[in-house]
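Sequential numbering from 0 applies to the sequence shown in numbering that gives the first Met the number 0.
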Amino acid sequence: MNILITGGAGFVGARLTRALQERFPDAQLLVLDDFRTGTFANLCPDGPDGWSYRGQVVARPMREFDLDHLLESLEPEVVFHLASITDTRVDDESKMIADNVEPFEVLLAYACQSGSRLVWASSAATYGQDANGARQARRPFKLEDAGRPANVYGFSKWVMENMHRDAQRAHPDAGLVGLRYFNVFGPGEQNKGPMASMVWQLANQMLDGKAPRIFHDGEQARDQVYVDDVVDATIAGAGPDAESGVYNVGAGQATSFNQIVDALNAALGTAYEPEYFDNPYGFYQDYTCADLSETERGLKWKPARTPDQAIAEYARWIAARRGA
0 MNILITGGAG FVGARLTRAL QERFPDAQLL VLDDFRTGTF ANLCPDGPDG
50 WSYRGQVVAR PMREFDLDHL LESLEPEVVF HLASITDTRV DDESKMIADN
100 VEPFEVLLAY ACQSGSRLVW ASSAATYGQD ANGARQARRP FKLEDAGRPA
150 NVYGFSKWVM ENMHRDAQRA HPDAGLVGLR YFNVFGPGEQ NKGPMASMVW
200 QLANQMLDGK APRIFHDGEQ ARDQVYVDDV VDATIAGAGP DAESGVYNVG
250 AGQATSFNQI VDALNAALGT AYEPEYFDNP YGFYQDYTCA DLSETERGLK
300 WKPARTPDQA IAEYARWIAA RRGA
């Protein structure tokens, strides 16, 4: 079996690549990544849980690469497409849309024509705002709630979802699965810098002996989902029983920033009080929560960990890595 993983040197991509290598040892893997935010260190990390990638790597920007030729020569049975600009602070709308949408169009056409399976990363950023411009109501987000993204990153993913739906109607037998990732955290994100999760940033602040800094008043709540659960959902999307469609991938519950601090204090044996500051972002989603009913039905998947369990496991991993 030949498998293409775009963005396979990134945080989630590398964790996915590792799982594929372990679960399908006879598969031929090819990682396509421009290493803009990914790094070789994700594919051969140090430490006690390190591993070594054994496949091939193409280090090129997708929009500047002959994808058609690559697909024709590799003939992948499965394409996992995670590559995109994910930094929501990027305000170059043309670049964001072009880089995210144009390569996807090529992969989508190949999947429909060849019969290979395409599993790709959308985002909870597609939800954004409600019809009146107000923030989403504090309830689990159903699939039909999406379509009013608050930033160009979310818009680019929404355009990709529209293309997916059009292709699915035209090719009902094609295997097309889009996954709206919510807030992913866990081992491997240490190379993301300022885009690393709140859990990573706050845990490290606390291990440095500092008060955790969060937006006032700390009641912003996000669906925090562990990276290994996301990987399991992504691989499930390529399974024989997966139904084509777009699905939420989250923990199924919202965790406030105050609750993250509480969970980290419990895991690390500390008692820090948060230091609050004003949120500088006007487009910030102050609440996300995945409704997983369709995900459980269509992908036969649900997360293995609650956010509290995952935060505790991850906090201990971070502390052990730092020698704390």
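Where a beta carbon is used, it is the ideal one built from N, C-alpha and C, also for glycine.
Here the structure is a predicted model, which means the values were calculated and not measured.
In the three-state reduction of the DSSP assignment, W119 falls in the strand class.
In terms of Cβ geometry, M159 and N99 form a close pair [threshold 8 Å]. By the neighbour-count criterion, in which a residue is buried when 16 or more other Cβ atoms sit within 10 angstroms of its Cβ, S72 is exposed. The DSSP-derived three-state label of R221 is strand.
Annotation: the continuous beta strand (DSSP E) that includes F79 extends over 77-80.
For A232, the CB contacts under 6 Å within the same chain, skipping 5 residues up- and downstream, are V248, W300 in chain order.
For Q308, the enclosing alpha helix (DSSP H) covers residues 306-321. Taking 8 Å as the cut-off, the beta carbon of D285 is found no closer than this to the beta carbon of Q223.
Residue burial annotation: Y152 is buried, with at least 16 other C-beta atoms found within 10 angstroms of its C-beta.
Counting only the Cα atoms, R35 lies some 9 Å from G9.
Under DSSP, Q55 takes part in a beta bridge, and its partners are L29.
Under the DSSP definition of a beta bridge, A289 partners with F140.
Exposure of N278 is indicated by the presence of fewer than 16 other C-beta atoms within 10 angstroms of its C-beta.
Counting only runs of 3 or more residues that sit fully inside the region 65-110, the beta strand (DSSP E) segments are 77-80, in chain order. The criterion of a C-beta distance shorter than 8 Å is not satisfied by V245 and P211.
Contact annotation, R88 with W50: C-beta distance approximately 31 Å; criterion of less than 8 Å not satisfied. Unbroken beta strand (DSSP E) stretches of 3 residues or longer found wholly inside the region 240-294: 244-248, 274-276, given in chain order.
Taking a cut-off of 8 Å for Cβ pairs, the region 74-92 and the region 137-145 do not touch, as fewer than three such pairs fall below it. Considering only G251, W316, A108, the residue with the shortest C-alpha distance to S292 is G251.
In the three-state reduction of the DSSP assignment, Y126 falls in the coil class, being assigned neither a helical nor a strand state. In this chain, the beta strand (DSSP E) harbouring F214 covers 212-214. Nearest in C-alpha terms to R315, of all of A266, P193, Y275, A303, is A266. Secondary structure of N190 (DSSP, three-state): helix.
Boundaries of the beta strand (DSSP E) harbouring T5: 1-5, taken from the DSSP string.
E188 is classed as buried because its beta carbon has at least 16 other beta carbons within 10 Å across all chains shown.
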